[in-house]
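Take the sequence shown: its letter number 215 is residue 215 in our numbering, and every next letter is one higher.
Just so it is clear, CB atoms sit at the ideal spot from N, CA and C, and this is done for glycine as well.
Following: one structure in structure tokens, then a few remarks.
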Amino acid sequence: MKLIDGKAVSEELKNALKQDVLDYRKKSGRVPHLAAILVGDNPASKAYVGNKVRACEQVGYKSTLVKLDDNITQARLLEEIRKLNEDPDVDGFIVQLPLPKHINETEVTLAIDHKKDVDGFHPVNFGRMAQGMPAFLPATPYGILLLLERYNIETAGKHVVVVGRSNIVGTPISILLSRKSKSGDATVTLAHSRTKNLADVVRLGDIVVAAIGIPGFITEDMIKIGAVVIDVGINRVEDESAPKGSRLVGDVDFEPVRGKSSYITPVPGGVGPMTVMGLLLNTFKSANKEIYS
Ligand code: GUN
């Protein structure tokens with residue numbers, strides 16, 4: 001078993017990006033700029049956005065954090081999005097999810113200018129991605145592709161089982177891995193809560209991507225010997241022996257599954273840091289007008 005060290009890979013990529021940012025600044029006289037809108041004070045969202053802001057500092061980007069109250073109206077939130085859409089200094093921005101229940105998430109996603117949609121959630125980017133056109137790829141799937149490449153994990157002809165069909169991870173990674181491209185050409189099964197005989201289906205996977213949001217859901221009996229296991233879950237569970245009284249775990253029952261797999265991502269330190277990296281790389285592509293002129 002080999003541990004896939006997302007933290008180390010993201011540090012390597014950040015160091016390379018830092019140099020590219022210096023060159024960009026010299027050439028253009030400007031600084032790449034990522035903004036984030038955070039609504040309310042969900043502790044996990046605050047931590048994720050904090051990581052994104054810190055990563056911007058590390059690579060030499062400007063970052064702006066727009067903090068909005070939990071009870072903000074839909075109209076006021078759309079107004080904040082309009083301001084970022086129209087600000088020529090902002091290369092890209094994200095609205096951290098989940099949003100409060102009274103906010104219409106679809107309307108928010110549609111309001112973001114797709115040319116600044118560095119999360120890759122807008123249907124224009126999603127559609128372009130699905131057709132293999134240049135697009136901002138959703139940050140977590142993008143990070144997973146980078147990890148597979150970095151560890152030379154072959155995907156062509158492999159059977160990938162993705163568990164979970166969310167718009168931000170399960171569905172896009174299933175499309176990306178089946179595309180005719182690098183880190184693609186896989187045979188992909190997208191399994192979900194209505195899949196029959198889920199354990200039998202997951203056992204077919206040469207590569208298993210777990211993105212369901214249930215701690216320890218993927219157990220050792222579901223894993224084929226030698227499979228590659230990519231754990232996207234970030235779940236906080238109570239643990240009296242941990243300093244905070246809780247700890248982070250993935251969607252995979254790590255220790256037993258680790259013994260059966262050829263490669264596995266840990267939680268934390270696997271996919272999580274690569275999501276931030278995907279976002280930074282998309283922002284740099286936006287600053288360089290690589291996807292849209
Ligand atoms: N919530 C969980 N993951 C993400 C993400 O990648 N982007 C945003 N905006 N919100 C999230």
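Problem - Three-state class that DSSP yields for residue 140 in the structure shown - result: Position 140 of the sequence shown holds residue 140. Helix, per DSSP.
Handout entry: residue 211 versus 202, 164, 281 and 70, residue with shortest Cα-Cα distance
Key = What you label residue 211 is simply residue 211 of the sequence shown in a count that begins at 1. Ranking 202, 164, 281 and 70 by Cα distance to residue 211 puts 164 first.
Handout entry: Residue interval of the beta strand (DSSP E) (run including residue 64)
Key = Taking the sequence shown and counting its residues from 1, the one referred to as residue 64 is at position 64. 62-68 is the extent of the beta strand (DSSP E) around residue 64.
Practice task
State the Cα-Cα distance for the pair residue 261 and residue 226, rounded to the nearest angstrom.
Solution key: On the sequence shown, residue 261 is found 261 positions in, with the first residue counted as 1. On the sequence shown, residue 226 is found 226 positions in, with the first residue counted as 1. Computed Cα separation, rounded: 4 Å.
Problem - Supposed close pair residue 169, residue 141 - CB separation, criterion 8 Å - result: On the sequence shown, residue 169 is found 169 positions in, with the first residue counted as 1. On the sequence shown, residue 141 is found 141 positions in, with the first residue counted as 1. With a Cβ gap of about 6 Å, residue 169 and residue 141 count as contacting.
Problem - Proximity of residue 92 and residue 34 at Cβ, strictly below 8 Å - result: As a position in the sequence shown, residue 92 is number 92, starting the count at 1. As a position in the sequence shown, residue 34 is number 34, starting the count at 1. Contact: yes.
Exercise for the section: Below 8 Å CB to CB, which residues in the same chain sit around residue 76 once its five sequence neighbours on both sides are set aside? Expected result: The residue labelled residue 76 in the question sits at position 76 within the sequence shown. The answer, listed in chain order, is 68.
Problem - Short Cβ contact (8 Å threshold) for residue 247 with residue 253 - result: If you number the sequence shown from 1, residue 247 lands on position 247. If you number the sequence shown from 1, residue 253 lands on position 253. Their beta carbons are not under 8 Å apart, which means residue 247 does not touch residue 253 by this criterion.
Problem - CB contact flag (residue 61, residue 21, <8 Å) - result: For the purposes of this step, residue 61 is taken as residue 61 along the sequence shown, with counting starting at 1. For the purposes of this step, residue 21 is taken as residue 21 along the sequence shown, with counting starting at 1. In contact: residue 61 and residue 21 (Cβ atoms closer than 8 Å).
Exercise for the section: Tell me whether residue 139 counts as near ligand 1, meaning its Cβ is closer than 7 Å to at least one heavy atom of that ligand. Expected result: Walking along the sequence shown from the start, residue 139 turns up at place 139. Checking every heavy atom of ligand 1 against the Cβ of residue 139, one is found closer than 7 Å.
Handout entry: Sufficient close CB pairs (3 or more, under 8 Å) joining the segment 192-210 to the segment 149-163
Key = yes
Exercise for the section: Could you say which of 181, 54 and 201 lies nearest to residue 131 if we only look at CA atoms? Expected result: The residue given as residue 131 occupies position 131 in the sequence shown. The option with the nearest alpha carbon to residue 131 is 181.
Practice task
Can you have a look at residue 237 and say buried or exposed, based on whether 16 or more other CB atoms are within 10 angstroms of its CB?
Solution key: On the sequence shown, position 237 is the one that residue 237 refers to. Exposed.
Exercise for the section: Name, in chain order, the residues that DSSP records as bridge partners for residue 93. Expected result: Residue mapping note: residue 93 aligns to position 93 of the sequence shown, counting from 1. The partner list for residue 93 (beta bridge, DSSP) reads 35 and 117.
Exercise for the section: Please say whether residue 143 and residue 271 have beta carbons closer to each other than 8 Å? Expected result: Translated into positions along the sequence shown, residue 271 becomes position 271. Translated into positions along the sequence shown, residue 143 becomes position 143. Yes; because the gap between Cβ atoms is below 8 Å, this pair is in contact.
Exercise for the section: Whole angstroms is fine: what's the gap from residue 198's alpha carbon to residue 121's? Expected result: What you label residue 198 is simply residue 198 of the sequence shown in a count that begins at 1. What you label residue 121 is simply residue 121 of the sequence shown in a count that begins at 1. Cα to Cα, the separation comes out at about 28 Å.
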